Structure formats: C-alpha cells, structure tokens
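Counting from -13, one number per residue, gives the positions in the sequence shown under this note's numbering. Don't be surprised by glycine CBs; every beta carbon is placed ideally from N, CA and C. Being a predicted model, the structure only gives us computed values, none of them experimental. These notes concern the structure reproduced below.
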Amino acid sequence: MTGPDAPDLAVLHPRLPSPAQEVNDDRLTRRGVRLLLKRDDLIHPDLIGNKWRKLAPHLTAAAGRPILTFGGAYSNHLRATAAAGRLLGLTTIGVVRGQELSDRPLNPSLARCAADGMRLHFVDRSTYRHKTDPETLAAVLRAVGAEDAYVVPEGGSSPLAVRGCRALGEELHGRADVVALACGTGGTLAGLAAGLAPGRRALGFPVLKGGFLTADIRSLQEAAFGGPRGDWQLDDRFHFGGYARTTPELHSFADDFESRHGLPVERLYVAKMLYGLIALAQEGAFPRGTTLAAVITGRPFP
Ligand SMILES: Cc1ncc(COP(=O)(O)O)c(C=O)c1O
C-alpha cells in the first residue's frame, strides 16, 4: 500500500525484530519456568513498543496526508503519533477527550505532543464518545479544517494495525510457549495471537475493569482476518482498580522488578502484566519447562 507520498519508515531505523532477553527470576526458576523479556520498548526511542507496530502501517497508508487521531490527556498513542509527525514531517492533529482541559495549562504529556507540532483539539466527553459516528467525525474534521485527514482510531487499533501486530507473534516462533501482554483495546493481542505458531498461546492482562475485552478482541480479529485466529485468553484479575489506577503494592512490585532486572517498568500497563504473570507462575499455572515471553510494550513517561 506504499503510495507515491508514503514516508519511508526505514529512515527511522526501527530495531526489528525487537530483542528477546532472558532474565533469571528466582520466583520462576524455582518452578522450572524460563522468562524472556520481549523488548518492544527498544524498537524506537519515540515510537515505543506496540505504538510502532500499530502506527507504522497507518503512517504508510496515510501517504503524506495529515493524520488525525484521538486520545485522553495522558495518551501514549497521542504522544507517539505526534513524534511520528515530527520525525517524518507529517501534519498531526490530536482530538483530546475533555473540553475542560482547553483552558488549563497543558499537562506534560500534551505539552510533549504540542512541542512535537501536534495541533490539539479538545472535545467534550459526549462528542468524544460518539467520535466514530460518521456525522460526529465529519463535524470534528470540519471544526479542525482537516476534511482530507487520514483518521487513525483511538489507540491505533484498526484492522490494519491488528495485522501489523502479527509480526510480534511471528518474531517469537521457536522462542516462547506462552506470551504475556498488557491489554487496553486488545488490538495488539488480537494481532499477536494471529502471528503465533500452532500450540503457542497468548495471555492478555486487561488494564481496564469490565470484562468486555473478550468480545472486543473477537471483533478485532473478525475485522482484521475474517475470523478467530490463534490461541489466546485473558486474565481479568490484575487491573489494580482500572485504567490509570495503581496501588502501593503494584509500585513496590515494579520497583523490585526494576532492581532485580534493570528494566524500567511502565506502571499503567507493563507492571500489571508482569505482576499477573509472576502471580500465575506462583499459582502453578505453568508446567515445568515452560518458556514465557513478557512483551514490554512501553517505557515509563517521565
Ligand atoms: C504501554 C502500553 N502497553 C499496552 C497497551 C495496550 O495496547 P492495546 O490497546 O492494543 O491493547 C498500550 C495501549 O496502547 C500501551 O500504551
């Protein structure tokens, strides 16, 4: 789908396949289980982890048109899109949830987006909720004067992005039996599972409360591949109160993981997945001889 004006993403020198590093964690070795850290956080300094995997196909498909996308006030996806715009010379527009934010100083995440050249457009929560309705979307595009924009859905999870995430599973062929991943929209898991070799499985840890993600992942796979793909399951117990919520217990687990393994642990997604994975191993969920891969999808934002 490379059009005449599609940016050449090779100029960004992504580190692909991302490294898979084995670490020695006595909580696992004691049970005969190996752990690999699949360092998607090292793919690119600004397009980190699943952001690269999900955004790259959109950047190509946009073929130089302005890119408009959506996110909350601390969205990793908005920051990654803004950085891609700066690096590739593309116009980017971020539609931000929360009209009330428009007359407050920008928080550090939105300030980074603005510094990268992203135009920010704040909308009220009802408009934000209805952003995929054709009429609402058309009104937003008109309001920002970007009717020709290429629209990337919230979190980047479109069928194109889901297909882009298949490579994550493919890179782990012959390396891991079970692949653990934190889930927001479930787009990355939908693609990862499709790329795994037969007999391997993906284990998702939703960071949102609600238990709706199984249905969402099924529909993402239906839209991306025409039906279910791969072996995957979710464990809903490790959301720590829901999206963007953390607890002192989660922080002390993450601090300890950082000092054991020298890995900066992002708290809103990655820490919850690692906590869940270690807890499952301690429950005896993995037979001796299992190799686990934990996908490091992000890095802490200062
Ligand atoms: C660091 C990190 N990990 C995991 C995810 C979950 O990705 P998905 O929305 O595809 O489930 C996100 C969300 O974008 C994220 O920012």
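- Between the region 168 to 180 and the region 137 to 155 there are three or more C-beta pairs closer than 8 Å, enough to call the two in contact.
- Excluding sequence positions up to five before and after Ala129, its CB lies within less than 8 Å of the CB of His107, all in the same chain and listed in chain order.
- According to the DSSP assignment, Glu156 belongs to the alpha helix (DSSP H) that extends over 152 to 156.
- By the Cβ criterion, the region 17 to 35 is not in contact with the region 109 to 124, since fewer than three pairs of Cβ atoms, one from each stretch, lie closer than 8 Å.
- Less than 8 Å separates the beta-carbon of Val19 from that of Ala267.
- Shown here, Phe198 sits in coil according to DSSP, grouped into three states, outside any helix or strand.
- Leaving aside the five residues that flank Gly35 on each side, the residues in its chain whose CB is nearer than 6 Å to its CB run, in chain order, Asp26, Asp27, Thr283, Gly284.
- In this structure, Thr122 has its CB at a distance of at least 7 Å from all heavy atoms of ligand 1.
- A buried status is given to His225, since no fewer than 16 other beta-carbon atoms sit within 10 Å of its beta-carbon.
- In this structure, the CA atom of Gly228 is about 10 Å from the CA atom of Lys258.
- In this structure, DSSP gives Asp110 a state outside helix and strand, which the three-state scheme calls coil.
- Note on geometry: alpha-carbon atoms of Ala6 and Gly131 lie some 44 Å from one another.
- In this structure, Leu74 sits away from Ala162, with a CB-CB distance that is not shorter than 8 Å.
- Closest by C-alpha distance to Gly212, out of Gln219, Leu220, Ile203, Trp218, is Ile203.
- Exclusion of the five residues before and after Arg39 leaves Asp26, Ile29, Ala147, Gly150, Cys151, Ala153, Leu154, Thr174, Gly177 as the residues of its chain whose Cβ lies within less than 8 Å of its Cβ.
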